[in-house]
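*Asks:* A single structure is presented below for examination.
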Amino acid sequence: MTVKVMYRLLALIMTVFMFASMNTAYAVDDAYPSTYTYNYDYWSDIRESPDAYRVADVIYASELQLPVAMKKPQSLYVRNNDIYVADTGNNRIVHIRKEGSTYTLVRVIDSIKGCEVTKLNAPSDVFVDVNDNIYIADTNNGRVVMVDKDLNFIKEFTKPGDATFDQSLSFLPSKIVVDVSGRVFVLATNVNKGLIKFESDGRFTGYIGANKVSYNFVEYVWKTYFMTKAQREQQAAFVPTEYHNIYIDEESFIYATNTVFSEYDLLWDVAQPVRRLNGIGNDILIKNDHYPPIGDLYWVEQSIPLGPSKLYDITVLENDIYVVVDHTRGRIFGYDSQGVMLWAFGTTGTYEGSFSSAVSIEHMGRDLLVLDENGGSITVFTPTEYGNLIYDAIASYLKGDYDGSAALWEDVLKHNANYNMAFIGIGRSLMRKEEYPEAMKYFKMANDRENYGRAFKFYRKVWVEENIGWLILVLAAVLIIPLVLRFTKKMRMEVEMYERDQVHK
Amino acid sequence: MSATKSISKKNVQNAKWTNYVESMKYAKYLLFHPFDGFWDLTHEKRGSFAAATTYLVLFLITRVVQLLFTNFQFINAPLQYINIFEQATSLLLPFLILCVANWSMTTLFDGKGRLGDIYIAMCYALVPYTLIQLPLVFVSNIITFDEAAFYTVLMSFSIAWCIFQVFVGLMQVHDYSPSKTLIFIIVTVVGALIIIFLLLVFFSLLGDAASYFISLYREIAFRLY
């Protein structure tokens, strides 16, 4: 008999191990998207999604009647309908204009007028201010040069003569942004103190937004206590990392991306690959989702470990919606101002809508333009009806039109029933209309506990007010019935005692 | 003759029932007098297997009820993936393995408790969990997210109480000093890991053996046809 019991126990254990192995198989299945556009749900599982963006056009040099194909272009800039491409490998900047739905070449900028060095040398970024003055990061000439719209030299920003700048290094500006008052922020190769800040008159005034030095504890202990001095000198010092790219939004906040970090710092939000820097260089990016904005959450695809997303560029649309481009998998991720992912799409490859090496992203209205370094092409994406609905819903919510926003979210749900933000949006609108149970239903579907709690609080209040009579009755019964029982018992005892006394007498 | 026999049978049944009820009630005494209580539980035979198993089952039921009926605000369980039987066994198995591991370790180092004693004591030690968390499932449905502090404090309190009961229980059952109990709790965990490892090895070998014979059979079957 004991043998039988033991056999049963073993069978039970076996089933449990079987269950366990089944679960892991399930998780692996979910680790890569099966559709072009996707999103993550509350459980961080990938959910298929309708396309938020479709390819409208792919611009090649040949299409623009340019004899020389673009060679290792590094950056895009868009102002109104003008597109500027820093065609680094050809030492030129290509100026393209959108007219109607066609893109035509305006001019090729390879030299400027009115200064000593007129030829551009490997320009890697370009910026155009509201007065059409052009700023060019003329990398190999070691300068940022400002010219007017007819390319007449205005001024240049060169290597800071300051003691804080290592004079043995050459000044290699790679990315530039300019704020409304003409201050220039430069990201330079080999400079890890943050962004170099120049006043509008060309003066160097310091650095902002330096990355914090990152090292792990084990590494630190090993280095300080176990290495010899000679070994230590051989090793690289703990230095802060450089940013990869910068973007300035309409309110002059600088968005920066970072691609150097240890992989597992990402999920705990130590690495912070996307930052929004304020005037003194602190990160003020809002992150209210269940995971930080880091691009892909799974780094293994078809059993190939590709590593985390490398966010090479960022652009900021209306309502603080920001879009980042991932170089590792050729993907584009959109996040709203709260850090909630709107959609993710794209892949690596050579067909339309995929990239072999995406390096830069810009927007023109709601269109997205992505520059492919190897293909030498610009892919233009236009939002679909679904993509536009999401933007409209967010915009009308931020304007204060909650009911209008809820109606738009309803339409979003018709396209994609897995869209969490839509459930929350509708729930909020229902809560304002005091339809609490309905609102609770929507919040529950979106796994939004905080808002559910709020709706529930109101619902409870209403419920208590409606049923106050019954509540008091039940409470009274609970309190009074034992009292009455005790009293009758006591009385009966007393009567009995009295009767007994009578008998004894 | 037959009448007397049936009466005595009935008496025995009655005695059994009374014993069961008494041992169930004993849990109440244990809650507030753990040191005295756990000593008497096994050494004076105040507990019983039936009662202990009842409390274990109640504990498992509490766990399942919690998963199913705790208000959405206070539980973050992916209900679409949860299998309640799996959840229950995933608690039951470690519990039993830990009991066995504890017995196999302490029996070598003059622990007084037998396997049955350990099992009974551990089951009784789980009572605070059931006692607090089962009502909390109801409470969770009438409080809101903002009032969660109340809920979480009680949650952690019940777990702390359970840990204390387990500690005192093991101490009294084996007649150990507190420090020795602590050491043996750690040793027990290691022992449990070894048991799990051996089970895994055993089953994987069993699987290999089975697949060998199956393929042997297939080979022969294919040859013969």
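Residue numbers (the working numbering), protein chains in the order written: chain E, 8 to 512; chain Z, 226 to 450. All C-beta atoms, glycine included, are put in the ideal place defined by N, C-alpha and C.
1. Over the uninterrupted beta strand (DSSP E) stretch that includes E/Lys-468, give me the two end residues.
2. What's the gap between the Cα of Z/Tyr-245 and the Cα of Z/Ala-277?
3. Would you say E/Glu-457 reaches chain Z, if we count a Cβ-Cβ gap shorter than 7 angstroms as a contact?
4. With distance defined between alpha-carbon atoms, name the residue in E/Tyr-404, E/Asp-418, E/Gly-383, E/Ile-385 nearest to E/Glu-392.
5. Counting C-beta neighbours from all protein chains within 10 Å, is the total for E/Trp-350 16 or more, i.e. buried, or is it exposed?
6. What does the alpha-carbon distance come out to for the pair E/Glu-369 and Z/Asp-433?
7. Can you tell me the Cα-Cα spacing of Z/Val-414 and E/Ser-51, whole angstroms?
8. Let me check one thing: in DSSP terms, what residues is E/Met-153 bridge-paired to?
9. So E/Gly-543 contacts chain Z; which residues on that side make the cut at Cβ distance below 8 angstroms?
10. Does E/His-511 pass the burial test, meaning 16 or more other C-beta atoms within 10 Å, or should it be called exposed?
11. Helix, strand or coil, according to DSSP, for Z/Thr-332 in the structure here?
12. Leaving out five residues before and five after E/Ile-385 in sequence, what residues of the same chain have Cβ atoms less than 6 angstroms from its Cβ?
13. Confirm, please, whether the CB-CB distance from Z/Ala-350 to Z/Gly-394 is below 7 angstroms.
14. What is the rounded straight-line gap between the Cα of E/Phe-211 and the Cα of E/Glu-163?
15. Given a limit of 8 angstroms on CB to CB distance, which residues of the stretch 461 to 474 of chain E reach chain Z?
16. Just reading off the alpha helix (DSSP H) that E/Ala-263 is part of, what are its end residues?
17. By the criterion of Cβ-Cβ separation under 8 angstroms, what are the contact partners of Z/Pro-303 in chain E?
18. For E/Lys-315, which of helix, strand or coil comes out of DSSP?
19. Can you round the beta-carbon distance between E/Leu-202 and E/Gly-216 to whole angstroms, since I take them to be within the 8 angstroms contact cut?
20. Flag E/Lys-451 as yes if its beta-carbon sits less than 7 angstroms from any beta-carbon of chain Z, otherwise no.
21. Kindly confirm or deny that the stretch 375 to 389 of chain Z and the stretch 338 to 358 of chain Z touch, where touching means at least three C-beta pairs closer than 8 angstroms.
22. Flag this pair as yes or no: are the beta carbons of E/Ala-413 and E/Gly-432 separated by less than 7 angstroms?
23. Nearest to E/Ser-41 by CA position, among E/Ile-53, E/Tyr-49, E/Asp-48, is which residue?
24. Where does the unbroken beta strand (DSSP E) through E/Pro-180 begin, and where does it stop?
25. Helix or strand or just coil, what does DSSP make of Z/Lys-337?
26. What separation, rounded to the nearest whole angstrom, lies between the Cα atoms of E/Met-438 and E/Asp-343?
27. Just curious, the alpha helix (DSSP H) that Z/Ser-404 is in, first and last residue?
28. Taking the runs of the alpha helix (DSSP H) that are 4 residues or longer, which of them lie wholly in the stretch 346 to 433 of chain E?
29. Does the Cβ of E/Ala-59 have 16 or more other Cβ atoms within 10 Å, making it buried, or fewer, making it exposed?
30. With a cut-off of 7 angstroms, does the C-beta of Z/Ser-436 fall near any C-beta of chain E?
31. With a Cβ-Cβ cutoff of 7 angstroms, do E/Asn-98 and E/Lys-78 count as a contact?
32. Is E/Thr-264 near E/Leu-318, with beta carbons less than 7 angstroms apart?
33. Straight-line CA distance for Z/Asn-301 to Z/Arg-443?
34. Which residues bound the alpha helix (DSSP H) around Z/Pro-360?
35. Could you compute how far the alpha carbon of E/Lys-219 sits from the alpha carbon of E/Thr-248?
*Replies:* Looking at the coordinates:
1. Along the first sequence, read from residue 1 onward, the residue named residue 468 of chain E stands at position 461. First-last for E/Lys-468: 456 to 473, but that is the alpha helix (DSSP H), not the beta strand (DSSP E).
2. Counting from one through the second sequence, the residue named residue 245 of chain Z turns up at place 20. Counting from one through the second sequence, the residue named residue 277 of chain Z turns up at place 52. Taking the straight line joining both Cα atoms gives about 10 angstroms.
3. For the purposes of this step, residue 457 of chain E is identified with residue 450 of the first sequence, where counting begins at 1. Proximity of E/Glu-457 to chain Z, defined by a Cβ-Cβ separation below 7 angstroms, is satisfied.
4. Here the question's residue 392 of chain E lines up with position 385 in the first sequence. The closest CA to that of E/Glu-392, considering only E/Tyr-404, E/Asp-418, E/Gly-383, E/Ile-385, is found on E/Asp-418.
5. Counting from one through the first sequence, the residue named residue 350 of chain E turns up at place 343. By the 16-neighbour rule on beta-carbons within 10 angstroms, E/Trp-350 is buried.
6. Indexing the first sequence from 1 puts residue 369 of chain E at position 362. Indexing the second sequence from 1 puts residue 433 of chain Z at position 208. Between E/Glu-369 and Z/Asp-433, the alpha-carbon positions lie close to 58 angstroms from each other.
7. For the purposes of this step, residue 414 of chain Z is identified with residue 189 of the second sequence, where counting begins at 1. For the purposes of this step, residue 51 of chain E is identified with residue 44 of the first sequence, where counting begins at 1. For Z/Val-414 and E/Ser-51, the distance between alpha carbons rounds to 33 angstroms.
8. Taking the first residue of the first sequence as position 1, residue 153 of chain E is located at position 146. Per DSSP, E/Tyr-142, E/Lys-162.
9. An answer regarding residue 543 of chain E cannot be provided, because it is not within the stretch 8 to 512 covered by chain E.
10. Position 504 of the first sequence, counting from 1, holds the residue named residue 511 of chain E. Of the residues assessed, E/His-511 falls on the exposed side of the cut-off, its CB having fewer than 16 other CB atoms within 10 angstroms.
11. Looking up residue 332 of chain Z in the second sequence gives position 107. Secondary structure of Z/Thr-332 (DSSP, three-state): coil.
12. In the first sequence, counting from the first residue as 1, residue 385 of chain E sits at position 378. Hits under 6 angstroms: Ile-66, Leu-376, Leu-378.
13. Counted from its first residue, the second sequence places residue 394 of chain Z at position 169. Counted from its first residue, the second sequence places residue 350 of chain Z at position 125. Between Z/Gly-394 and Z/Ala-350, the C-beta gap is smaller than 7 angstroms, which places the two residues in contact.
14. Residue numbering aside, residue 211 of chain E sits at position 204 when the first sequence is read from its first letter. Residue numbering aside, residue 163 of chain E sits at position 156 when the first sequence is read from its first letter. Taking the straight line from one Cα to the other gives about 12 angstroms.
15. Hits within the stretch, in order: Arg-461, Phe-463, Lys-464, Arg-467.
16. The residue labelled residue 263 of chain E in the question sits at position 256 within the first sequence. Annotation for E/Ala-263: no alpha helix (DSSP H) segment contains it, though the beta strand (DSSP E) segment containing it runs 261 to 264.
17. By one-based count along the second sequence, residue 303 of chain Z stands at place 78. Those are Trp-50, listed as they occur along chain E.
18. Translated into positions along the first sequence, residue 315 of chain E becomes position 308. The sequence given here has Pro at residue 315 of chain E, not Lys. The answer is coil: DSSP assigns E/Pro-315 none of H, G, I, E or B.
19. Position 195 of the first sequence, counted from the start, is the residue given in the question as residue 202 of chain E. Position 209 of the first sequence, counted from the start, is the residue given in the question as residue 216 of chain E. 6 angstroms between Cβ atoms; contact.
20. Counted from its first residue, the first sequence places residue 451 of chain E at position 444. Closer than 7 angstroms to some Cβ of chain Z, the Cβ of E/Lys-451 qualifies, so yes.
21. Cβ pair count under 8 angstroms is three or more, so yes.
22. Your numbering for residue 413 of chain E matches position 406 in the first sequence. Your numbering for residue 432 of chain E matches position 425 in the first sequence. In this structure, E/Gly-432 lies closer than 7 angstroms to E/Ala-413 by Cβ.
23. Here the question's residue 41 of chain E lines up with position 34 in the first sequence. Ranked by Cα distance from E/Ser-41, the first of E/Ile-53, E/Tyr-49, E/Asp-48 is E/Ile-53.
24. As a working mapping, residue 180 of chain E is identified with position 173 in the first sequence. Unbroken beta strand (DSSP E) run through E/Pro-180: 179 to 185.
25. For the purposes of this step, residue 337 of chain Z is taken as the residue at position 112 of the second sequence. Collapsing the DSSP output to three states places Z/Lys-337 in coil.
26. Within the first sequence, numbered from 1, the residue matching residue 438 of chain E stands at position 431. Within the first sequence, numbered from 1, the residue matching residue 343 of chain E stands at position 336. For E/Met-438 and E/Asp-343, the gap between their C-alpha atoms comes out near 22 angstroms.
27. Taking the first residue of the second sequence as position 1, residue 404 of chain Z is located at position 179. If you look at Z/Ser-404, you'll find it in the alpha helix (DSSP H) that goes 403 to 449.
28. Positions of the alpha helix (DSSP H) runs, each at least 4 residues long and wholly inside the stretch 346 to 433 of chain E, are given as 392 to 406, 409 to 422 in order along the chain.
29. Residue numbering aside, residue 59 of chain E sits at position 52 when the first sequence is read from its first letter. Around the beta carbon of E/Ala-59, 16 or more other beta carbons sit within 10 angstroms, so the residue counts as buried.
30. As a position in the second sequence, residue 436 of chain Z is number 211, starting the count at 1. Chain E contact via Cβ: absent.
31. Here the question's residue 98 of chain E lines up with position 91 in the first sequence. Here the question's residue 78 of chain E lines up with position 71 in the first sequence. No, the Cβ-Cβ distance between E/Asn-98 and E/Lys-78 is not below 7 angstroms.
32. Sequence index remark: in the first sequence, residue 264 of chain E carries index 257 (1-based). Sequence index remark: in the first sequence, residue 318 of chain E carries index 311 (1-based). E/Thr-264 places its beta carbon less than 7 angstroms from that of E/Leu-318.
33. The residue given as residue 301 of chain Z occupies position 76 in the second sequence. The residue given as residue 443 of chain Z occupies position 218 in the second sequence. Here the alpha carbon of Z/Asn-301 sits roughly 48 angstroms from the alpha carbon of Z/Arg-443.
34. To locate residue 360 of chain Z, count along the second sequence from 1; it is residue 135. Its alpha helix (DSSP H) spans residues 352 to 365.
35. Taking the first residue of the first sequence as 1, we reach residue 219 of chain E at position 212. Taking the first residue of the first sequence as 1, we reach residue 248 of chain E at position 241. So the two alpha carbons sit approximately 8 angstroms from each other.
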